[in-house]
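Working notes for the structure below.
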Amino acid sequence: MVNEDEEAGSDSTHFYTEVKMYEKTHRAWYKDNFNLDGSDYTLDTTNASTSNVLDIPRRNHMKKGVVFLLCLVCLLPLFSGGKKEAVAAGTVELRFLGMAQASYSEQNVNDMTADFMRDHPNITVYTEFVPYEDLRNKTLLAYGSNNSYDAVLVDDIWYTEYDTKGMLRDITAEVPQEYRDGVLQGGWNFVTKGGRVVGMPWFLDAMYLFYNKSMLAKAGYHAPPASIEEMVDMGRTLKARGIVQYPFVFSLAQAEALICVYANFLEAYGGSFQDDAGNYILDTSGVKALELLVNLKNEGLLNPNSLEYLEEDVRRVFSTADAAFTLNWAYMDALASDPAESILTADEVGIMVMPGVRGIKEHAAMSGSMGLSVLNKSKYPAEALEYILYLSSKPVQDKHSDLQLPVWTASYDDPKIRAGHEDLADAAKLAFSIMNVRPSVPDYQEVSSVFQEYIQMALYGAKTPQQALSEAVQKVKGM
Amino acid sequence: MATRETRRLSLLLAPMIIIMGAVIGWPLIQTFVLSLTDSDLMNLSKPAFVGLSNFTRAMRNQGYLDSLKVSALFALVVVLSEMVLGTSVALLLNEPFKGRAFVRGLLILPWAVPTTVNAMMWRLIYNPEYGALNSLLFQLGIIDQYVSWIGTADKALYSVMFADIWKNFSLVSMIALAALQTLPESQIEAATIDGANGWQRFRFITLPHLIPSLQVALVLRIIETVKVFDIIYVMTRGGPANKTRSASIFVYQEAFTNSRMGSGAAYAIIMVCVIMILIAFYLKGISKKES
Chain A
5 MVNEDEEAGS DSTHFYTEVK MYEKTHRAWY KDNFNLDGSD YTLDTTNAST
55 SNVLDIPRRN HMKKGVVFLL CLVCLLPLFS GGKKEAVAAG TVELRFLGMA
105 QASYSEQNVN DMTADFMRDH PNITVYTEFV PYEDLRNKTL LAYGSNNSYD
155 AVLVDDIWYT EYDTKGMLRD ITAEVPQEYR DGVLQGGWNF VTKGGRVVGM
205 PWFLDAMYLF YNKSMLAKAG YHAPPASIEE MVDMGRTLKA RGIVQYPFVF
255 SLAQAEALIC VYANFLEAYG GSFQDDAGNY ILDTSGVKAL ELLVNLKNEG
305 LLNPNSLEYL EEDVRRVFST ADAAFTLNWA YMDALASDPA ESILTADEVG
355 IMVMPGVRGI KEHAAMSGSM GLSVLNKSKY PAEALEYILY LSSKPVQDKH
405 SDLQLPVWTA SYDDPKIRAG HEDLADAAKL AFSIMNVRPS VPDYQEVSSV
455 FQEYIQMALY GAKTPQQALS EAVQKVKGM
Chain B
9 MATRETRRLS LLLAPMIIIM GAVIGWPLIQ TFVLSLTDSD LMNLSKPAFV
59 GLSNFTRAMR NQGYLDSLKV SALFALVVVL SEMVLGTSVA LLLNEPFKGR
109 AFVRGLLILP WAVPTTVNAM MWRLIYNPEY GALNSLLFQL GIIDQYVSWI
159 GTADKALYSV MFADIWKNFS LVSMIALAAL QTLPESQIEA ATIDGANGWQ
209 RFRFITLPHL IPSLQVALVL RIIETVKVFD IIYVMTRGGP ANKTRSASIF
259 VYQEAFTNSR MGSGAAYAII MVCVIMILIA FYLKGISKKE S
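In order, the protein sequence lines correspond to chains A and B.
Counting from 1 along the first sequence, just add 4 to a position and that's the residue number in the working numbering.
Counting from 1 along the second sequence, just add 8 to a position and that's the residue number in the working numbering.
Below you can see the structure in the form of structure tokens.
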């Protein structure tokens, strides 16, 4: 009878013996079976040792490993080519880069694209969406790395840069006459460079002044402000009467939104970023506009959190009745009184073009329009053009006009389109006729970054508005 | 025999060396070559050679130097905080108590959360209108009005640091906890018998035992924090007024926003050099630990 300890001891001794045998023989096995002196390792099967049982599982493992690697190598092309092979022969594949935004939303664009593909079974469009802040960089990077998109969404401030870099396809001769006649002139202005049409206007937009009617009514105001001065006075009254803690909220985070807000006030004061020769003159023409914003903050009229807010943030603050005035794009018009998004009713929300400074301007508006363009590196420019013409066609734009007004003149007089958006449609008509643009220069993005930084410094009180703008202009000149 | 062994080892290492060379070495060489040119995003194929001028300009660029300071401050505060917090938590979790295994399991959660998710989560926590942090501090009477944590110049960087510390202190804790579990209990018992108090036991027995492991964690975390990008990009994008713009964010802006790939590559190479120095310390720390 063998007790358990003895059995265990016997097992471990047996195992130890096997290990030692393996250690002793495996070197010899390698020596016998591999040509270690040659240029490569070859198995000599004729001399393969089979005497040691431990060699068998080892070789089996090796075989399994080799088979696994071979399978992997064979499968790799399947993974890499899967997508292409899934597409039927003769089908054109387009890649479109758009923006993740409220309007047109990803769902809107995907719906439009699905309709387009149904009408064009030979074209497959892959859509991608990124936030506004990444749209330009992704477009440039893809284009520069020869993995270009076929069609992209372009902000009006980027058209000069893209065109200077030769990225945009000239579609002057291919734009149908009905588009030329039917689309608002303001749209053609920003997609036309040097007489060449390099994009299709997709939406015209401006920052509008949204105001809370019921708050104004509580303070005894039954009409919106007619000037900047009146608007500030209204804000003071609202605060003094305790109707709202911070009457104003603006998107002043370090982003392009800040420049858009500032540009509206700049416009209201009759100022501009550049003179006729292209020199930056904000240090003279733009100081009062910045002083106004700084004073609003110092007086406690401007929500201090504005300095971290983008457009969506200010929309939420306004929608919870925590502000009486804000500036935002047209998309906010529908959302500000949407019960799912806001506590305000349609009767409480007012929209208008921002008033100007008394004696200088009646109204001020700054363009925030965007267009669709075909990139020069597209392999299928004709199909890409067909796609962007479809997206900007009147029937498609009318169909999706609940959040974004069409670029077609006729749509503004269409009662069906205007229904529910009368105030916005009227404001848009006025804005499109007077709106100015931010600098249209190839290095706009870098210039904008500098102004964002220095305007924020002034808003924080780290520099006076005059100091901040003077230093910003000097820095821009030195670039 | 030794030659054969060397050959065999070389052969086994070769695939790894080839892959590392392809995915790290070659891009690094290309980046260095790019840094000697005036290449921009649209002109990657025909750039002009400009020598070391991108590097000399980098050293004079106040924006870049400021961003290096932000990275250095970020690394200093975050890593020191993580070391202290991580070690303290490890000491607590090394003590026996009911539910210890569960708490140890929880510890890994922050570290397992993806950085971008963590950044988005903290953006919500810091929200100046409805953020949980403001609500908590207000109800405790610590603040009398809601604060804009990531929108104020003097608070933004520290707020981002706090979010990063919350996510990564558990890594230090886990490393320290693993080291603590190899500390012989007999040493502590002997010290106790000799009359050492709690602080003395920690100071003269536990801490010296932890130091080699903490050195490795320290260098790893310094390397990570010096090149910090994602959490800042999601939370503040370098704002307000560039107060949170780290060197990595600066490199990104130079290369992709300003389209200057040549100088962007130069800024990146300078960062690589800084990180290489830190890696040297790391390797030294490892060898010390092994010895």
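Positions of the beta carbon are idealized from the N, C-alpha and C atoms, including for glycine.
For clarity, every value in this text was computed on a predicted model and none was experimentally measured.
Residue i versus the options, residue with shortest Cα-Cα distance
i                   : options                                   : result
valine 234/B        : Asp162/B, Ala249/B, Gly159/B and Ser254/B : Ser254/B
serine 289/A        : Gly282/A, Trp412/A and Phe277/A           : Phe277/A
phenylalanine 269/A : Asn332/A, His226/A, Ala293/A and Ala257/A : Ala293/A
proline 125/A       : Leu98/A, Leu144/A, Gln105/A and Tyr108/A  : Leu98/A
phenylalanine 289/B : Ala249/B, Gln223/B and Met269/B           : Gln223/B
tyrosine 134/B      : Ile150/B, Gly113/B and Ala164/B           : Ala164/B
methionine 204/A    : Met461/A, Ser405/A and Glu390/A           : Glu390/A
alanine 472/A       : Gly482/A, Gln460/A and Met483/A           : Gln460/A
leucine 331/A       : Gly199/A, Gly275/A and Asp209/A           : Asp209/A
isoleucine 116/B    : Ser79/B, Trp174/B and Phe170/B            : Trp174/B
glycine 148/A       : Leu36/B, Glu13/B and Ala263/B             : Ala263/B
alanine 484/A       : Leu305/A, Ala118/A, Lys479/A and Ile347/A : The structure shown does not extend to residue 484/A, since chain A spans only 5 to 483, so no value can be given for it.
arginine 173/A      : His425/A, Ala386/A, Pro410/A and Ala423/A : Ala386/A
valine 351/A        : Pro359/A, Val357/A, Glu165/A and Asp342/A : Rather than valine, the amino acid found at residue 351/A in this sequence is aspartate. Closest option to aspartate 351/A, Cα to Cα, is Asp342/A.
aspartate 427/A     : Met336/A, Lys383/A, Phe120/A and Asn302/A : Met336/A
leucine 132/B       : Ser75/B, Leu148/B and Val242/B            : Val242/B
tyrosine 464/A      : Val201/A, Thr143/A and Ala257/A           : Ala257/A
valine 291/A        : Thr95/A, Pro469/A and Lys481/A            : Pro469/A
leucine 297/A       : Asp280/A, Ala327/A, Val236/A and Val321/A : Val236/A
valine 480/A        : Phe436/A, Ile355/A and Gly282/A           : Gly282/A
leucine 226/B       : Ala109/B, Lys292/B and Ala120/B           : Lys292/B
glutamate 450/A     : Thr265/B, Ser43/B and Ala30/B             : Thr265/B
Residues that residue i contacts on chain B, provided the C-beta gap is smaller than 8 Å
i                : result
methionine 461/A : Ala249
alanine 466/A    : Ala161 and Ala249
asparagine 141/A : Phe264 and Thr265
Neighbouring residues, chain A, relative to residue i (Cβ below 9 Å)
i               : result
arginine 245/B  : Glu137, Ala257, Gln258 and Ala259
threonine 214/B : Per Cβ cutoff of 9 Å: no residues; threonine 214/B is ~38 Å from chain A at best.
Chain B residues whose Cβ lies nearer than 7 Å to that of residue i
i               : result
valine 202/A    : Going along chain B, no residue has its Cβ under 7 Å from valine 202/A, so there is no contact; the nearest lies around 16 Å.
lysine 169/A    : Met50
leucine 145/A   : Leu49 and Phe264
glutamate 457/A : Ala249 and Asn250
Chain-ordered neighbours of residue i on chain A, where CB pairs are closer than 8 Å
i            : result
alanine 56/B : Simply none; closest approach about 17 Å.
Contact set between residue i and chain B, taken where Cβ atoms lie within less than 9 Å
i               : result
glutamate 366/A : Chain B residues near glutamate 366/A: none, gap ~33 Å exceeds 9 Å.
heavy atom of the ligand HEM below 8 Å from residue i C-beta
i              : result
arginine 229/B : The model depicted lacks the ligand HEM and carries no ligand whatsoever.
Query raised in the report: Between the segment 243 to 274 of chain A and chain B, which residues of the former have a C-beta closer than 8 Å to a C-beta of the latter?
Result: Ala257, Gln258 and Ala259
Query - Short-range partners of chain B found in the segment 300 to 317 of chain A, where Cβ spacing is below 7 Å - result: Pro308, Asn309, Leu311 and Glu312
Query raised in the report: Which runs of the beta strand (DSSP E) spanning at least 3 residues fall entirely within the segment 107 to 160 of chain A, listed in chain order?
Result: 127 to 134 and 155 to 159
Query raised in the report: Are the segment 435 to 454 of chain A and the segment 148 to 162 of chain A in contact at 8 Å, needing three or more beta carbon pairs?
Result: yes
**Report entry** Cβ-based contacts, 7 Å cut-off: residues of the segment 137 to 158 of chain B near chain A
**Finding:** Glu137, Ser156 and Ile158
Query raised in the report: Taking contact to mean at least 3 C-beta pairs separated by less than 8 Å, is the segment 246 to 264 of chain B in contact with the segment 95 to 102 of chain B?
Result: No, they do not touch.
Query raised in the report: Along the segment 254 to 266 of chain B, what residues have a CB closer than 8 Å to any CB found in chain A?
Result: Gln261, Phe264, Thr265 and Asn266
Report task. Would you be able to state if there are at least three C-beta pairs under 8 Å between the segment 148 to 167 of chain B and the segment 309 to 326 of chain A? Result -> With the cut-off at 8 Å, the segment 309 to 326 of chain A and the segment 148 to 167 of chain B touch.
Query - Selection of the segment 271 to 291 of chain B by Cβ proximity to chain A, strictly under 7 Å - result: none
Query raised in the report: Are three or more beta carbon pairs between the segment 71 to 87 of chain B and the segment 204 to 224 of chain B nearer than 8 Å?
Result: Because the criterion of three Cβ pairs below 8 Å is not met, the segment 71 to 87 of chain B and the segment 204 to 224 of chain B do not touch.
Query - Inter-stretch contact (C-beta, 8 Å, three-pair minimum) for the segment 208 to 225 of chain A and the segment 367 to 380 of chain A - result: yes
Query raised in the report: Quick check: the segment 127 to 146 of chain B against the segment 38 to 53 of chain B, are there 3 or more CB pairs under 8 Å?
Result: no
Query raised in the report: Which residues, in chain order, does the segment 317 to 334 of chain A contribute to contact with chain B at a C-beta distance below 9 Å?
Result: Of all residues in the segment 317 to 334 of chain A, only Asp317, Arg320, Val321, Thr324 and Asp326 place a beta-carbon less than 9 Å from a beta-carbon of chain B.
**Report entry** Within the segment 9 to 85 of chain B, ranges of the alpha helix (DSSP H) (whole runs, at least 4 residues)
**Finding:** As far as the segment 9 to 85 of chain B is concerned, its whole alpha helix (DSSP H) runs of at least 4 residues are 10 to 28, 34 to 43 and 61 to 68.
Query raised in the report: Residue ranges of each beta strand (DSSP E) run of no fewer than 3 residues wholly in the segment 354 to 428 of chain A, ordered along the chain?
Result: Here the runs fully enclosed are 374 to 378.
Report task. Check whether the segment 103 to 119 of chain A touches the segment 407 to 414 of chain A, taking contact to mean three or more Cβ pairs, one atom from each stretch, closer than 8 Å. Result -> yes
Query raised in the report: Is the segment 34 to 41 of chain B close to the segment 268 to 279 of chain B, with three or more CB pairs under 8 Å?
Result: yes
Query - Residues of the segment 437 to 453 of chain A whose Cβ lies closer than 9 Å to any Cβ of chain B, in chain order - result: Asp447, Gln449, Glu450 and Ser453
**Report entry** Within the segment 279 to 338 of chain A, ranges of the beta strand (DSSP E) (whole runs, at least 3 residues)
**Finding:** 329 to 332
Report task. Inspect the CB distances between the segment 136 to 156 of chain A and the segment 55 to 67 of chain B and report whether three or more fall short of 8 Å. Result -> Of all C-beta pairs linking the segment 136 to 156 of chain A to the segment 55 to 67 of chain B, fewer than three are shorter than 8 Å, placing the two stretches out of contact.
Query raised in the report: Is the segment 416 to 436 of chain A close to the segment 351 to 360 of chain A, with three or more CB pairs under 8 Å?
Result: yes
Query - Validate contact between the segment 221 to 229 of chain A and the segment 238 to 245 of chain A using beta carbons, cut 8 Å, 3 pairs - result: yes
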